[in-house]
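Enquirer:
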Amino acid sequence: MVTRRRVLWATAAATMLASLVPGSAALAADTIRIGEINSYSGLPAFTLPYRNGWELAVEEINAAGGVLGKQLEVISRDDAGKPANAVKIAEELIANENVALLSGTFFSHIGLAVSDLAKQRKVLFVAAEPLTDAIVWEKGHKYTFRLRPSTYMQAAMLADEAAKLPAKRWATIAPNYKYGQDAVTAFKELLLAKRPDVEFVDEQWPALFKIDAGATAQALLAAKPEAIYNVTFGSDLAKFAREGKLRGLFENVSVVSLLTGEPEYLDPLGADAPEGWIVTGYPSTEINTPEHTAFRDAYKARYDALPMLGSIVGYNTMKAVAAIITAAGSTDTDAMIKAAEGLTVQSPTGPFTFRAIDHQATMGAYVGKTAVKNGMGTMVDWTYADGADYLPSDEEVRKMRPAD
Amino acid sequence: MSFFVVQFLTGLASAASLFLVACGLSIIFGVTRIVNFAHGSFYMLGAYLAATIVATLPVGIFSYWGSVLVAALVVGLIGIVVEIVVLRRIYHAPELFQLVATFGVVLVVQDLTLAIWGPADKLGPLAPGLDSAVNIGGQLLPEYDVALIILGPAVLGLLWLLFHRTRWGTLVRAATQDREMVGALGVNQRRIFTSVFFLGACLAGLGGAVQIPREPISLMMDLNVIAEVFVVVVIGGMGSILGAFLAAVIIGELNAFGILIFPEITLVLLFLVMAVVLVIRPRGLLGKPELTVGAQPAQIAAIHLPGPATKLAMGVLFAVLALVPLFAGDFLLVLLIEVMLLALFAASLHFIMGNGGMVSFGHAAYFGIGAYGAALAVVHSDSPMELALVLAPTAAGLAGLVFGWFCVRLSGVYFAMLSLAFAQIAWSVVFQWYEVTGGDDGLLGIWPSEWASDRFAFYYLSLIIVAGGVLMLRRMIFSPFGYALRAGRDSPLRSDAIGINLRHQQWASIVIAGAFAGLAGGLYAFSKGSVFPDAMSIPRSVDALVMVLLGGVDTLAGPLVGAAALIGLEDAISRFDYWRLILGLVIILICVTAPNGIVGSLKLAFAGRRERE
């Protein structure tokens, strides 16, 4: 026993010592370091394809000679889905790893936490995936840029399509947290502006990933809607789609559904994917522009899988980071911010611009209908909705965003 | 009318699947007194295994139900492995210590599942023969729901037969009543414990396996279900299978009809029901008296006034911490601030848990209320940090005053779960009240005052507050108040006889512990610059529990060492892929080699050596 306990002591001591030694803070002058944070263990289904995406971008950038003549080096860390962890890691990346800027995050609240730290420490942060509108508007500031089309933008894309439907009685279903609330509020506002004759007859707010799908579908049925606006995703979506189908909820009812066309959410449904839903998403197999085909082929060759939405976001994030540093000509934070404002970046999904007014990228999303092909869900009749067309007026943005 | 019938039946179907998982947990707890956090992991494994087996077999009714059964049995076998390899070695550890080990199992299973099955969710096929819906007065009810509605009571009936008509069942019931007596009568306890664990794990696996036509297999199944089944078991009364069934039906129906009137209720319904039930019936619906969890007098080493050696060690530690900033880098300070604040948080839990025998599953409520108290003051009234740091413990102490009043009427696991209910109710208020708390987008911009915004200054501020807090808690532990609290822990009857008003003592201790947790939370908010509802979430409460137990619940230094160990470990290994696997294995290793916690076991080892010499 004594020896066993000694081993334990030694392990504990070693751990303490290990945590005392600052990270390899070697100020390597021959690389530019990027601090990257995401919820790799918290949400692997979304963040691992994302990691593949940015890794591919980094390989391409470095193979082409790097940035400013230096290689790009990404220090990537897992926040385990906890905002406090993300802040701690960001502090470490800034203090010990000497990173030029921070990038990443998936959850909205974690994006906001890192964004607030970036403001306090005066470090550039390129938010990749968080959807919250607040990160560029109510809580926006000069140190944070955001890539992915936001909740508002995607809701606006769907409101456009929804307005074209004859349906007048609408019901909504959304996970009960800020993202769901924002998505419903934006959609309602925009649809009512276009279609004053529309009324919302029911709303359901299942707890995130804990939907009681049968009861919820039944409750929606009772309201007899002509159309349903769905914001649930992941396992909630799968449960809801299955129960709704079995209970006849979707018969003669139009469904407009946020993010459902993203492979992350469509693939798990397999042949059970809903058909004819109007969705935002990313039909990676169907986009055949030369830029996108090159990206898809490279991705397939590297990972033997099709790119997910996370992959394209990760890829575009790192390409944007490289473009920002190149345009700035240095890794000085103020120079990078100046360069990034209004910067246009070429990408597999087309060019996008970081708007100077609110630091939101104009990267768009694909809007179309779901269908099942070869036993897998996909999108048909889709078009690319350019993000620039689905943002509020500059005046409204100025009202929401605090002046720097 | 037919709508309400179908909604009712839908509620029953949900209840049935909840019951299958919950009854296993209840059985395991009844006999072994283990609070098994890994029960959700068994449920998840059941679903993954069933989906995998079903996919390899030709489609058919027999292959479907066969797969479900095989999956449940395999999960039962996994349960046996966990019991024999891990839990059997630590039955004699202080009560509840085993939950740390099961927490380790949760981490291991999460990463193994990810490694074996990959990250993506997958929706299985509908059950053959049950793939459409029955028409009830124009409303459609899935056939599979009908099957579940039958399966729930069928399992309940089979369990009843098993427990009342077999010798094994009689022994298990006897062990539930008094396991020492059963042991004294010459029954092989080990075998009973192992077989009970097998049955419990099997039922969890079955619960997961029958879910595959209803929900996709996903890596979040384990944590999503675990809180829910605990609630069901507690509402029903720990150890009562019929109670678990009743509770599942109540929850299922309240949810089915609740969302018709108030859809937002989904967030908190479960915990509201539990709080109401526990306030009215302190042992759940059908719970029997005195299935106590908590300190057992015989096992507890008395806490002694710190001797010169301890005082010297504390002085040295303080001196080292005070000198660290002179040579340490910025990030080390960030890390040490986090360790210190969580150490104070853990110490405050230890104050009621170690001294009062009151185990709380919801201690994060006070941490979070402190953090939000401070943050709200800053955001809404522009308070300076100094004022906010006074408000933080005040708010948390007040919460302790309210929550504590209800909680002290309960004991054991019921106390723990009512604390959890309050924490979850507080969490849902913060989560939902967007205008004030920002909901899950949290409150931002909570940075320290100018003079403390420098990392050195904030480090020393934290060091002084935490050291002061820990010393004050110690001082109280050795005051008459602390002795009276321990007297109540060890023998409520005797302390009552000598005139101690135990409830008042306990109530006061909850207020004090709450205030210190709130102080830690307030400082924590300023150290991070932002606060989110997860500050009072279940994982945060579990962190505190694990820190206290890992360090050693019977020692004063335990919570501090536990906090340092857990955070140090997490920070050191979270750089690796599959770090949860490593963390889980290390936690299990510590549990098995140091069943009295790190400090407790070291103490014993030294004491043993001294005796030998």
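Heads up: the protein sequence lines correspond to chains X and C, in order.
Everything in the first sequence is counted per the numbering used here, starting at 18 for the first residue and increasing by one.
Everything in the second sequence is counted per the numbering used here, starting at 551 for the first residue and increasing by one.
Beta carbons are placed, not taken as given, at the ideal position from N, Cα and C, and that holds for glycine.
Which bits of chain C does LEU182 (chain X) rub up against, with CB to CB less than 7 Å?
Expert: Below the 7 Å Cβ cutoff, chain C contributes no neighbours of LEU182 (chain X), its closest Cβ being approximately 24 Å away.
Enquirer: Could you confirm whether any beta carbon from chain X is found closer than 8 Å to the beta carbon of ALA563 (chain C)?
Expert: yes
Enquirer: Taking ALA725 (chain C) as the reference, give the member of C:VAL746, C:GLY707 and C:LEU706 with the closest Cα.
Expert: C:VAL746
Enquirer: Using a 10 Å radius around the Cβ and a threshold of 16 neighbouring Cβ atoms, would you call GLU633 (chain C) buried or exposed?
Expert: buried
Enquirer: Using a C-beta cutoff of 8 Å, does SER167 (chain X) count as contacting chain C?
Expert: With 8 Å as the cut-off, SER167 (chain X) does not count as an interface residue toward chain C.
Enquirer: Below 7 Å CB to CB, which residues in the same chain sit around MET417 (chain X) once its five sequence neighbours on both sides are set aside?
Expert: TRP154 and GLU155
Enquirer: Answer with buried or exposed for ALA566 (chain C), where buried requires no fewer than 16 other C-beta atoms within 10 angstroms of its C-beta.
Expert: buried
Enquirer: Exposed or buried, HIS376 (chain X), counting other C-beta atoms within 10 Å across all chains shown (16 or more means buried)?
Expert: buried
Enquirer: Just list the residues that DSSP pairs CYS964 (chain C) with in beta bridges.
Expert: Here residue 964 (chain C) turns out to be Tyr, not Cys, going by the sequence shown. In the DSSP output, where bridge partners are listed per residue, TYR964 (chain C) has none listed.
Enquirer: For a contact meaning CB atoms closer than 7 Å, what does PHE226 (chain X) contact in chain C?
Expert: MET770 and ASN774
Enquirer: With three or more beta-carbon pairs closer than 8 Å as the criterion, would you say the segment 990 to 998 of chain C touches the segment 126 to 143 of chain X?
Expert: Touching, yes, given that three or more Cβ pairs across the two stretches are closer than 8 Å.
Enquirer: Using a 10 Å radius around the Cβ and a threshold of 16 neighbouring Cβ atoms, would you call HIS900 (chain C) buried or exposed?
Expert: buried
Enquirer: For PHE868 (chain C), collect the residues of the same chain with a Cβ closer than 7 Å to its Cβ; drop the 5 residues on either side in sequence, then sort them by chain order.
Expert: Taken in chain order, the residues that qualify are ALA1017.
Enquirer: Using a Cβ-Cβ cut-off of less than 9 Å, give me the residues of the segment 329 to 348 of chain X that come near chain C, in sequence order.
Expert: none
Enquirer: Using C-beta distances below 7 Å, list every residue in its chain close to CYS957 (chain C), excluding the 5 sequence neighbours before and after it, in chain order.
Expert: PHE965, LEU968, SER969 and ILE1060
Enquirer: Hey, VAL296 (chain X) and THR387 (chain X): beta-carbon distance below 8 Å or not?
Expert: yes
Enquirer: How far does the alpha helix (DSSP H) with ASN102 (chain X) in it reach, from first residue to last?
Expert: 100 to 112
Enquirer: Which same chain residues end up closer than 8 Å to ALA420 (chain X) when comparing Cβ atoms and leaving out the 5 residues on each side of it in sequence?
Expert: none
Enquirer: Report the three-state DSSP secondary structure of THR48 (chain X) (helix, strand or coil).
Expert: strand
Enquirer: Does the count of Cβ pairs from the segment 732 to 743 of chain C and the segment 588 to 599 of chain C closer than 8 Å reach three?
Expert: no
Enquirer: Along the beta strand (DSSP E) that carries LYS386 (chain X), what are the first and last residues, could you check?
Expert: Membership of LYS386 (chain X) in the beta strand (DSSP E) is indicated by the continuous run 382 to 390.
Enquirer: Taking its Cβ as the centre, do 16 or more other Cβ atoms sit within 10 Å of GLY293 (chain X), making it buried, or is it exposed?
Expert: exposed
Enquirer: Tell whether a beta-carbon distance below 8 Å holds between ALA797 (chain C) and GLY786 (chain C).
Expert: yes
Enquirer: For PRO766 (chain C) and chain X, any beta-carbon pair shorter than 8 Å?
Expert: Interface residue, yes.
Enquirer: Measure from the C-beta of SER56 (chain X) to each C-beta in chain C and report whether the shortest distance is under 8 Å.
Expert: no
Enquirer: Contact defined as beta carbons within less than 8 Å: I believe GLU220 (chain X) pairs with VAL248 (chain X). What is the distance between those atoms, to the nearest angstrom?
Expert: 10 Å between Cβ atoms; not a contact.
Enquirer: If you follow the beta strand (DSSP E) that SER1080 (chain C) is part of, which residue opens it and which one closes it?
Expert: 1079 to 1081
Enquirer: Only counting the same chain, and skipping five residues up and downstream in sequence, which positions put a Cβ closer than 8 Å to that of PRO752 (chain C)?
Expert: Strictly speaking, residue 752 (chain C) in this sequence is Cys, with Pro absent from that position. Taking C-beta separations shorter than 8 Å and ignoring five residues to either side along the sequence, the partners of CYS752 (chain C) in its chain run GLY574, ALA622, LEU623, VAL625, GLY626 and GLY629, following chain order.
Enquirer: Is LEU662 (chain C) close to chain X, meaning its C-beta is less than 8 Å from at least one C-beta of that chain?
Expert: no
Enquirer: Tell me which residues of the segment 683 to 702 of chain C have at least one Cβ-Cβ distance to chain X shorter than 7 Å, keeping chain order.
Expert: ALA683, LEU690, PRO692 and ASP695
Enquirer: State the DSSP-derived secondary structure class of THR987 (chain C), mapped to helix, strand or coil.
Expert: helix
Enquirer: Can you tell me which of the three DSSP states GLY610 (chain C) falls into?
Expert: coil
Enquirer: Can you give me, in chain order, the residues of the segment 115 to 137 of chain X that have a beta carbon less than 7 Å from any beta carbon in chain C?
Expert: SER125, HIS126, LEU129, ALA130, ASP133, LEU134 and GLN137
Enquirer: Under 8 Å, with one C-beta from each stretch per pair, do the segment 340 to 350 of chain X and the segment 396 to 405 of chain X reach the 3-pair mark?
Expert: no
Enquirer: If contact means a Cβ-Cβ distance below 9 Å, which residues of the segment 310 to 323 of chain X contact chain C?
Expert: none
Enquirer: Where does PRO1089 (chain C) sit, in a helix, a strand or coil, going by DSSP?
Expert: helix
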